[in-house]
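**Student:**
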Amino acid sequence: MSDFVLTLSCPDRPGIVHAVSGYLVEQGANIVESQQFGDRLTQRFFMRIAFATASSTEPGALREAFAATAERFGMHFELWAADAPYRTLIMVSKHLHCLNDLLFRASTGAVQIDVPAVVSNHADAGPLVRSYGIDFHHVPVTSATKSDAEDRLMEIVEATGSHLVVLARYMQVLSDDLCRRLSGRAINIHHSFLPSFKGARPYHQAFDRGVKLVGATAHYVTADLDEGPIIEQDVLRVDHGYDQDQLVAAGRDVEAQVLSRAVRWHAQSRVLLNGDRTVVFR
1 MSDFVLTLSC
11 PDRPGIVHAV
21 SGYLVEQGAN
31 IVESQQFGDR
41 LTQRFFMRIA
51 FATASSTEPG
61 ALREAFAATA
71 ERFGMHFELW
81 AADAPYRTLI
91 MVSKHLHCLN
101 DLLFRASTGA
111 VQIDVPAVVS
121 NHADAGPLVR
131 SYGIDFHHVP
141 VTSATKSDAE
151 DRLMEIVEAT
161 GSHLVVLARY
171 MQVLSDDLCR
181 RLSGRAINIH
191 HSFLPSFKGA
201 RPYHQAFDRG
211 VKLVGATAHY
221 VTADLDEGPI
231 IEQDVLRVDH
241 GYDQDQLVAA
251 GRDVEAQVLS
261 RAVRWHAQSR
271 VLLNGDRTVV
281 FR
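For the sequence shown, position 154 matches number 154 in full-length UniProt numbering, and the numbering has no gaps at all.
#1: By Cβ distance below 8 Å, which residues in the same chain neighbour I187 in space, the five residues on each side in sequence not counted?
#2: Taking only three categories from DSSP, how would you classify S55?
#3: Under DSSP, the alpha helix (DSSP H) around E150 begins and ends at which residues?
#4: Can you list, in chain order, the residues of its chain with a C-beta nearer than 6 Å to that of V157? Leave out the 5 residues immediately preceding and following it.
#5: Taking a contact to mean a Cβ-Cβ separation below 9 Å, would you say Q43 touches N121 in this structure?
#6: Sort R48, A81, D276 by Cα distance to G60 and report the nearest one.
#7: Would the stretch 68 to 76 and the stretch 101 to 113 be scored as touching if the rule is three or more Cβ pairs under 8 Å?
#8: For F4 and Q268, I'd like the C-alpha separation in whole angstroms.
#9: Count the other C-beta atoms from every protein chain shown that fall within 10 angstroms of the C-beta of S55, then say buried if there are 16 or more, exposed otherwise.
#10: CB-CB under 7 Å to L153, same chain, minus the five flanking residues each way: which ones, in chain order?
#11: Does the Cβ-Cβ distance between V115 and L102 come in under 9 Å?
#12: Counting only runs that start and end within the stretch 190 to 247, where is the beta strand (DSSP E) found for 3 or more residues in a row?
#13: For D151, which of R13, D39, L182 has the nearest alpha-carbon?
#14: Can you grab the Cα-Cα spacing for the pair T57 / A50, in whole Å?
#15: Output the distance between the C-alpha atoms of M47 and D39, rounded to the nearest integer angstrom.
#16: Cα separation between L8 and S131?
#17: Between which two residues does the alpha helix (DSSP H) harbouring F104 extend?
#18: By Cβ distance below 8 Å, which residues in the same chain neighbour R277 in space, the five residues on each side in sequence not counted?
#19: Which of the three DSSP states is assigned to G38 in this structure?
#20: Please check the pair L247 and G215, which I expect to be a contact at CB under 8 Å, by giving their CB distance rounded to whole angstroms.
#21: Is it right to say S147 is buried, meaning 16 or more other beta carbons lie within 10 angstroms of its own, or is it exposed?
#22: Consult DSSP for R252 and reduce its assignment to one of helix, strand or coil.
#23: For Y23, which option in L62, S34, R13 has the closest C-alpha, if you only look at C-alpha atoms?
#24: Please name the residue in D124, L41, D208 whose C-alpha comes closest to that of S196.
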């Protein structure tokens, strides 16, 4: 058996499910999992189907066979082998907790990604990355070299054939042009204190104000800083017993968990863009 995943979005209208089901019958496919959502606000329909075929059909042939149906309904669709690992480039600065979590999960198969390289504007992550046998690229960034650094980044993305870029606490603002080039395939993680506590040491600022919730947000990268379509969020309740260091540790745990879920769902084709929002088929 060969397993595949088909995702699609299109203007909502009668007959979509019937047409997709008919296509799968023609391919001799068996539906393993099916989820769908019709957004009444945008009048768009979203669907994710995992299916199996008895033959060793290639994804390219299945895409070609589905093209006529997609054109008839104005669909944007993707079709991949279900077990195909997402080539994922990770970017990081000096905080390594999210990077460490993703590398471990990838090495154990808990996240369906293949990490060919890690890029950082600092050298700190080098030993950790190399311990996993992964290429490490130190690309320093200053105001004078920002454009050259981003060109180098895209060279690495293209050379490694990366489908996804993960900003695992990469503390540099990407240019509008780079955000557009990575649209829909770059995920960022940040703490949930924005916009209240900006800049350096946000957890210490939050401690000084006696916050009771610590959280994190994973979202797609856009030119609007920290305002891209949200994939996943989570919070942890804290109290007066937490000191500054414990608050930071709690926040790092939430950040790592939220980012790993967002990356896992993206790699499993469970996240579909719906304008400035997302549809997540968990």
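For each residue, glycine too, the CB sits at the ideal point set by N, CA and C.
**Tutor:** By the coordinates alone:
#1: L164, V165, V166, L167, A218, H219, Y220, V221, I231, L259, A262, V263, H266
#2: coil
#3: Run containing E150: 146 to 160, per the alpha helix (DSSP H) assignment.
#4: L89
#5: The answer is no: Cβ separation not under 9 Å.
#6: A81
#7: no
#8: 10 Å
#9: exposed
#10: V119, V139
#11: Result yes, Cβ atoms of V115 and L102 sit closer than 9 Å.
#12: Taking only runs of at least 3 residues, the beta strand (DSSP E) segments lying wholly in the stretch 190 to 247 are 213 to 220, 230 to 237.
#13: L182
#14: 15 Å
#15: 11 Å
#16: 39 Å
#17: 97 to 108
#18: P229, I230
#19: strand
#20: Rounded to the nearest angstrom, the Cβ distance from L247 to G215 is 12 Å, too far for a contact under 8 Å.
#21: The residue is exposed, with fewer than 16 neighbouring Cβ atoms inside 10 Å.
#22: Here R252 sits in helix by DSSP.
#23: Answer by Cα proximity: L62.
#24: Nearest of D124, L41, D208 to S196, Cα basis: D208.
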